[in-house]
Each structure stands twice: as structure tokens, then as C-alpha cells.
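*Asks:*
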Amino acid sequence: MKLPNLKHLYYLTVLHKEQHFHRAAEKCNVSQSTLSAAVQNLEDSIGQQLLEREHKNFVFTDFGEALVEKSKLLLSQTHEWIEFAESAGDWKSGTLRIGVIPTIAPFLFEGLIKTIHANLPDINLQLHEDTTDNLLGRLGDGELDLLILALPMQTPGCRQLTLGHDPFHLIAHKNSAKDLNVAPSVDSLPKDSIFLLQKEHCLTEHAVSACGLKHKEQVSSLTANSLHTLVSLVNSEMGYTFLPEMALNQNILNATNVVSLPAEDNAFRDIGLVWRNGTTRIQLFRNVAKIVAPLLPQPIDIF
Numbered sequence: 016m017k018l019p020n021l022k023h024l025y026y027l028t029v030l031h032k033e034q035h036f037h038r039a040a041e042k043c044n045v046s047q048s049t050l051s052a053a054v055q056n057l058e059d060s061i062g063q064q065l066l067e068r069e070h071k072n073f074v075f076t077d078f079g080e081a082l083v084e085k086s087k088l089l090l091s092q093t094h095e096w097i098e099f100a101e102s103a104g105d106w107k108s109g110t111l112r113i114g115v116i117p118t119i120a121p122f123l124f125e126g127l128i129k130t131i132h133a134n135l136p137d138i139n140l141q142l143h144e145d146t147t148d149n150l151l152g153r154l155g156d157g158e159l160d161l162l163i164l165a166l167p168m169q170t171p172g173c174r175q176l177t178l179g180h181d182p183f184h185l186i187a188h189k190n191s192a193k194d195l196n197v198a199p200s201v202d203s204l205p206k207d208s209i210f211l212l213q214k215e216h217c218l219t220e221h222a223v224s225a226c227g228l229k230h231k232e233q234v235s236s237l238t239a240n241s242l243h244t245l246v247s248l249v250n251s252e253m254g255y256t257f258l259p260e261m262a263l264n265q266n267i268l269n270a271t272n273v274v275s276l277p278a279e280d281n282a283f284r285d286i287g288l289v290w291r292n293g294t295t296r297i298q299l300f301r302n303v304a305k306i307v308a309p310l311l312p313q314p315i316d317i318f
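Take 16 as the starting number for the sequence shown in my numbering and just add one per residue.
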């Protein structure tokens with residue numbers, strides 16, 4: 016059997032992700048007929064059916080599903096091979112694509128860019144902001160090299176390195192804060208008075224776990240899509256929320272009538288790096304860890 020065409024394997028993984036020939040062809044910047052011919056070429060060269068086709072619909076065969084996973088791994092390794100070749104084996108150079116979640120990115124990007132440029136001037140840094148699920152998918156597909164996530168989080172096929180803690184703070188309007196203790200308990204707050212982010216933001220899961228909010232009647236059904244919206248709700252005297260110290264340190268409460276109080280039981284989330292198993296760039300990632308850790312509210316000694 017001939018060696019596989021890497022471009023055809025890439026087309027196959029995109030088709031699997033999109034589950035639609037037209038959308039996949041657009042993503043690959045090729046015609047639909049080119050994409051279809053590439054998949055057919057793979058089937059012919061392997062001698063196995065990858066798709067079960069019926070009119071305009073299709074599903075991946077079990078073998079096709081397995082081959083997609085193998086293809087993702089091969090494409091990821093190919094990307095690292097290219098990076099290694101382009102940098103002539105110098106881990107301090109080349110392109111580094113880092114994905115960061117929305118509840119960290121706005122408060123970390125500026126410091127991250129400055130410190131990486133100062134310490135690793137030959138690195139071409141590319142930053143991407145997205146939700147945890149999307150970032151993990153892009154990491155697995157080889158589109159990203161490294162993630163900065165809030166932990167704990169299940170990351171199959173990946174390694175984690177915790178860099179520090181990010182304490183939670185109860186956020187209240189000044190008028191409401193007058194009647195609260197220094198570190199008020201959640202049970203002392205009114206029903207439906209705590210606002211959180213929508214569930215696709217992992218901050219909600221971490222806040223619920225760390226601050227003891229699970230099954231609490233104090234949690235409102237009204238959710239927000241950003242930390243700034245949560246601050247606006249509190250500033251309108253509608254209730255309370257929990258924010259990470261990282262956001263407070265970047266003055267997210269400026270020009271508001273909102274104050275922060277310590278969360279009950281000193282609740283916090285962990286911040287860490289995530290990368291694929293088997294990567295050849297661990298030396299670079301560990302040096303990035305040394306750069307990122309001091310930017311966190313409570314860095315830990317990782318080396």
C-alpha cells in the first residue's frame with residue numbers, strides 16, 4: 016500500500032468534524048468534488064470503506080471512525096515535525112499556538128504577551144480564545160499546541176501542569192455589602208440572588224464546586240455570557256456573583272458601585288497548562304510554565 020496523502024487525511028478529519036461535505040470543503044478551501052475524490056482515494060488505497068453513503072447522507076464506518084483518530088495523531092505529529100524542522104531543533108524558536116479560556120484570556124493576555132516576547136523573543140506567539148471544550152478539541156486535532164485552562168478538568172490523552180491558584184470573591188453592591196459579614200455564607204443570601212455564567216463556561220462548574228453552590232436555592236436561573244455582564248447585574252443591585260481574583264486584579268470593578276468580599280472557606284480554582292501526550296516540545300512548555308506562573312494571583316512552586 017502506498018503511503019497516505021497527508022492532505023487527504025486532513026480532509027477526512029475535517030469531514031468527520033463537520034459531518035457535512037459542503038461545510039468540510041469550505042473549511043478545507045477546496046471544492047466538494049475534490050474532497051469527495053480524496054476520501055474515495057483513501058478508500059481505494061486502503062481497500063476499506065470509510066463511509067456508508069445513502070443519497071446525500073453518510074455515516075462513518077467503525078473502521079472510518081478509528082482511522083480518523085489515527086489520522087489526527089499522525090497530523091499532530093506531522094505538525095510537530097514541521098515545527099522542529101523549521102526551528103532547526105531549537106526549542107526557543109518556531110510558532111507556539113496557545114489556547115486560553117474566556118475567563119482567563121482578558122486578564123492574562125497582556126502580561127503573557129510581554130513576558131513571552133521578553134523571555135522567548137524568537138517564538139512566534141499565536142493566542143486563541145475559546146471555550147474549554149472547543150480548545151480541547153482543537154488541541155486534539157493538532158490546531159493548538161498548548162492550553163491555559165482552569166482546573167480540575169478531564170483532559171483525556173493530555174498532560175496537566177498546575178501553575179497556581181485563583182481565589183474566588185463574593186461580589187456585592189455597596190448597599191448590600193453593609194449587611195453582610197466579612198466572609199458571608201451562601202446560605203445567608205436571598206433565594207435566586209447569585210448569578211453565574213452559562214454552563215459552557217467552566218468557571219461556573221468550578222465556582223459551584225469551590226463555593227458550595229450545588230443544589231443551592233440561592234443560585235438564579237438567569238445566567239450571563241461574560242464576567243462583565245455579571246458585574247453589571249450586581250451593579251444594578253439585582254444580586255450577587257462570584258469572580259476570580261485574576262479579574263479583580265485587572266480592575267473589572269472600576270467605575271462601579273460594587274465591592275468584593277472573601278469567598279466562604281477561601282474557595283479557589285486552579286490554573287494550569289495542558290498539552291498532548293507524546294509531544295516533543297516539553298522543554299518549551301515547561302519554560303512557558305515558569306513565565307505564566309508569576310502572572311497568577313497565587314503561583315505555586317512548580318520546579
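Even for Gly, the Cβ is constructed at its ideal location relative to N, Cα and C. As the structure is a prediction and not an experimental result, all values here were calculated from the model.
With distances taken between CB atoms, is the gap from L276 to P182 smaller than 8 Å?
*Replies:* For L276 and P182, no; Cβs fall outside 8 Å.
*Asks:* Helix or strand or just coil, what does DSSP make of I315?
*Replies:* Of the three classes helix, strand and coil, the one that applies to I315 here is coil, per DSSP.
*Asks:* Please list the terminal residues of the continuous alpha helix (DSSP H) segment that includes G155.
*Replies:* From DSSP, the alpha helix (DSSP H) with G155 extends over 147-155.
*Asks:* Where does W96 land, buried or exposed, given buried means 16+ other C-beta within 10 angstroms?
*Replies:* Result: exposed.
*Asks:* Less than 8 Å separating the beta-carbons of G122 and L142?
*Replies:* It should be noted that the sequence gives Phe, not Gly, for residue 122. Going by C-beta atoms, F122 is not nearer than 8 Å to L142.
*Asks:* Between which two residues does the beta strand (DSSP E) harbouring I113 extend?
*Replies:* Looking at the DSSP string, the run of the beta strand (DSSP E) that includes I113 is 109-115.
*Asks:* Are the Cβ atoms of D285 and A165 separated by less than 8 Å?
*Replies:* Taking 8 Å as the Cβ cut-off, D285 and A165 qualify as a contacting pair.
*Asks:* Is it the case that the segment 153-160 contacts the segment 97-116, given that we only count it when at least three CB pairs across the two stretches are under 8 Å?
*Replies:* Verdict: yes, contact present.
*Asks:* State the DSSP-derived secondary structure class of L5, mapped to helix, strand or coil.
*Replies:* Because the chain in this structure spans residues 16 to 318, residue 5 falls outside the shown range and cannot be described.
*Asks:* Going by DSSP in three states, H132 sits in which element: helix, strand or coil?
*Replies:* DSSP places H132 in helix when its eight states are reduced to three.
*Asks:* Hey, quick one: how far does the beta strand (DSSP E) through R68 stretch, first residue to last?
*Replies:* It spans 66-69 - the beta strand (DSSP E) in which R68 sits, taken as one unbroken run.
*Asks:* Starting from V246, trace the alpha helix (DSSP H) in both directions and tell me its first and last residue.
*Replies:* Run containing V246: 242-250, per the alpha helix (DSSP H) assignment.
*Asks:* Identify every run of the beta strand (DSSP E) within the segment 197-245, keeping only runs that are complete inside it and at least 3 residues long; order them along the chain.
*Replies:* Entirely contained in the segment 197-245, the beta strand (DSSP E) runs reaching 3 residues are, in chain order, 209-212, 234-239.
*Asks:* Check the DSSP bridge columns for P182 and list the partner residues they point to.
*Replies:* In the DSSP output, where bridge partners are listed per residue, P182 has F283.
*Asks:* For L218, collect the residues of the same chain with a Cβ closer than 6 Å to its Cβ; drop the 5 residues on either side in sequence, then sort them by chain order.
*Replies:* If we look at L218 and ignore the five residues flanking it on each side, its Cβ neighbours are T118, L212.
*Asks:* Closest to A100 by C-alpha separation, out of A304, R296, S241, L310, would be which residue?
*Replies:* Comparing Cα-Cα distances from A100 to each of A304, R296, S241, L310, the minimum goes to R296.
*Asks:* Is the separation between the beta-carbon of Q169 and that of G287 shorter than 8 Å?
*Replies:* Result no, Cβ atoms of Q169 and G287 do not sit closer than 8 Å.
*Asks:* If you compare alpha carbons, which of S46, S60, I128 is closest to N20?
*Replies:* Nearest of S46, S60, I128 to N20, Cα basis: S60.
*Asks:* Counting C-beta neighbours from all protein chains within 10 Å, is the total for I339 16 or more, i.e. buried, or is it exposed?
*Replies:* Nothing can be reported for residue 339: it is not among the residues displayed for the chain, which extend from 16 to 318.
*Asks:* Using a threshold of 8 Å, state whether the C-beta atoms of G172 and R291 are closer than that.
*Replies:* A contact, by the Cβ cut-off of 8 Å.
*Asks:* Would you kindly report the start and end of the unbroken alpha helix (DSSP H) that includes A192?
*Replies:* Residues 189-192.
*Asks:* Is it right to say I128 is buried, meaning 16 or more other beta carbons lie within 10 angstroms of its own, or is it exposed?
*Replies:* By the neighbour-count rule (16 or more Cβ atoms within 10 Å), I128 is not buried but exposed.
*Asks:* What alpha helix (DSSP H) runs, 4 residues minimum, are completely inside the segment 20-101?
*Replies:* As far as the segment 20-101 is concerned, its whole alpha helix (DSSP H) runs of at least 4 residues are 21-33, 36-43, 47-61, 77-101.
*Asks:* Can you check DSSP and say which residues form a bridge with T177?
*Replies:* In the DSSP output, where bridge partners are listed per residue, T177 has G287.
*Asks:* Buried or exposed for I315, going by 16 or more other Cβ atoms inside 10 Å?
*Replies:* The residue in question, I315, is exposed, as its Cβ has fewer than 16 Cβ neighbours within 10 Å.
*Asks:* Determine the closest residue to L159 out of V289, Q313, K17, with distance taken between C-alpha atoms.
*Replies:* The candidate whose alpha carbon is nearest that of L159 is V289.
*Asks:* Would you check if the distance between the CB atom of T28 and the CB atom of L88 is smaller than 8 Å?
*Replies:* In this structure, L88 does not lie closer than 8 Å to T28 by Cβ.
*Asks:* With DSSP as the reference, please indicate the residues paired to T256 in a beta bridge.
*Replies:* In the DSSP output, where bridge partners are listed per residue, T256 has I186, F210.
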